[in-house]
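One structure below.
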Amino acid sequence: MEIIHVTAECYPVAKAGGLGDVLGALPKYQVDMGHVARVVMPMYRTKFLYNNQWEVVHKGASNLGSRWFDYTIIREETNKLGFELYLVDINGLLDREKVYGYNDDTERFMSFQIAVVDWISKWEHLPDVLHVHDHHTAMIPFMMQHCFAFRELSGIPSVLTIHNGQYQGQFGWDKSTYIPAWDTWKAGLLEWNGSINPLAAGVKCAWKVTTVSQSYMDELRVMSNGLEPLFEYERGKCTGILNGIDVDVWDPAKDSYLHNHYSVDSVTEGKLTNKKELCETFQLDIDKPLFVFIGRLVGEKAADLLPQAIGDSLYYIGRKMNFLILGSGDPQVEGQLDVMKNISWGDYNVYIGYNEQLSHLMYAGADFLLMPSRVEPCGLNQMYSMRYGTVPVVRKTGGLKDTVIDYGDPGGYGVTFNHAAVGDITEAIYRGVQLYNNREKFREVRKTMMGLDFSWVRSAKEYLDLYKSLK
Ligand code: ADP
């Protein structure tokens, strides 16, 4: 099968979160299974671009409303990521350092999608499936079916995967001219609540829609930032496929970011050595259980609850544990977490920013990983932490609910709680400390987690079965 993934992120080319990890791994596993998988993404100005060799495969031109633009498609020459990687260069729009966060993101991702569809419409053959990811690429199924210039692509089966349904990319009808000449009788497919809503258009037009866990699929029907009735109506074509993790990148026995490697047999000493490195760097106490948080400091992750939950834990449970936070996001939360260093010195520390290397050391050196998320479509952090023998402390939502069983339940290995509320988080931390102090149980839980299989093989197979059902 020939599968084309269109995405805004792909690790290690450009990553802002889990979407990047998924696109760096899934295509590789599809190639291993004997298929052709190609990834097409914007050509941001990241290190990966400058450190690799590229060949130009296509040059074209198109327009975004009244703005004409040239685009160039380049291909990484050696397939070093394990699949074919194509970048789309559009000067003035995609040539930026960051993936998102610019005032003209609508223009950037619309022009990217137009260039991709225009390029594919010039191919001499049609791929077997076009797989688009999140709202930045979700207009493509509509464009393939209802833009006059691309109608020959309408027979290509399309799949939309929703990695995060909170962001939908809405823009006003005054920008409808951005879409290349289209059948205006089909305006209803673009419309949601008075705007053009790319994610809604993708759900309506893609042949199949998937989310990254089954529980998140169920949740979208009751909580999806306004699209609830749409998910209810389209439930027949929607399924949940749990993400996997790239076990080549995320392996404590050979992780290239770690100085001290370990496996399930050497987990106790291995984690201790990594914890020592962490505690020395951040002035923490190696003898106390270490709880960490890694992620975007935003409401979805309930990062706003962390300052009080940490403060309450240290106050009410006593200074029996340490905390270390890595993340960036909401400036107010960043500020609160930073200020806390002054009052909880020795028990708490924070690194504001994005740091891939530190994140690996934290998965390896921590005892517990906190994920109090309000929304978690799949969540990769808990799977990484389990592979590194770090006990996840998670709210029962989305993919967290599907992957973590409480240690109090038969066969369980994590700490789970019900509400994204300070009291629930503090109680879960308390239960974590109790588990840590029960050394025998703690060792058993670590070994159980490290033996779990979250590799991509199972999920990659589920995607292939889905593609095949579309033929
Ligand atoms: P989301 O995509 O919602 O941000 P996921 O759990 O799916 O959340 O994926 C998050 C990924 O981003 C993980 O690989 C995590 O380790 C990484 N990550 C998030 N924030 C940071 C940070 N500040 N520094 C390093 N890695 C981070």
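Under this note's numbering, the first residue of the sequence shown is numbered 16, with each subsequent residue one higher. Backbone N, C-alpha and C define an ideal beta-carbon position, used for all residues, glycine too.
Check	Outcome
Using 10 angstroms around the beta-carbon of Gln372, count the other beta-carbons present and answer buried if the total reaches 16, otherwise exposed.	exposed
How would you call Pro244, buried or exposed, if buried means at least 16 neighbouring beta carbons within 10 angstroms?	exposed
What's the gap between the Cα of His146 and the Cα of Val174?	5 Å
Give every residue of the same chain whose Cβ lies closer than 6 Å to the Cβ of Val282, excluding the five residues on either side of it in the sequence, and list them in chain order.	Gly404 and Arg461
Please state whether DSSP places Ala215 in a helix, a strand or coil.	helix
Just verifying my parser: in three-state terms, what is the DSSP assignment at Ile301?	coil
Of the choices Leu205, Val348 and Glu247, whose alpha-carbon is the least far from that of Leu321?	Val348
Helix, strand or coil: which one does DSSP assign to Phe84?	strand
Three-state secondary structure (DSSP) at Val313?	coil
Please report the residue range of the alpha helix (DSSP H) in which Ala268 lies.	Looking at the DSSP string, Ala268 is not in any alpha helix (DSSP H), and its letter there is neither H nor E.
According to DSSP, is Arg111 part of a helix, a strand, or is it coil?	coil
Measuring straight from C-alpha to C-alpha, what distance separates Asn240 and Glu284?	46 Å
Run through the stretch 320-362 for me and flag every whole beta strand (DSSP E) of 3 or more residues, listed as ranges in chain order.	337-344
On the DSSP bridge assignment, give the partners of Tyr101 in chain order.	Val55 and Arg90
Report yes if the CB atom of Ala52 is closer than 8 Å to the CB atom of His20, and no otherwise.	yes
Just to confirm, does Cys25 get its C-beta within under 7 Å of one of the non-hydrogen atoms of the ligand ADP?	no
Taking contact to mean at least 3 C-beta pairs separated by less than 8 Å, is the stretch 121-138 in contact with the stretch 198-206?	no
For Cys393, which of helix, strand or coil comes out of DSSP?	coil
Check whether the Cβ of Ile177 lies closer than 7 Å to any heavy atom of the ligand ADP, and answer yes or no.	no
If we ignore side chains and look at the alpha-carbon of each, how far apart do Asn118 and Asp189 end up?	16 Å
Taking the alpha carbon of Met56 as the reference point, which residue from Arg90, Tyr277, His140 and Phe469 has its own alpha carbon closest?	Arg90
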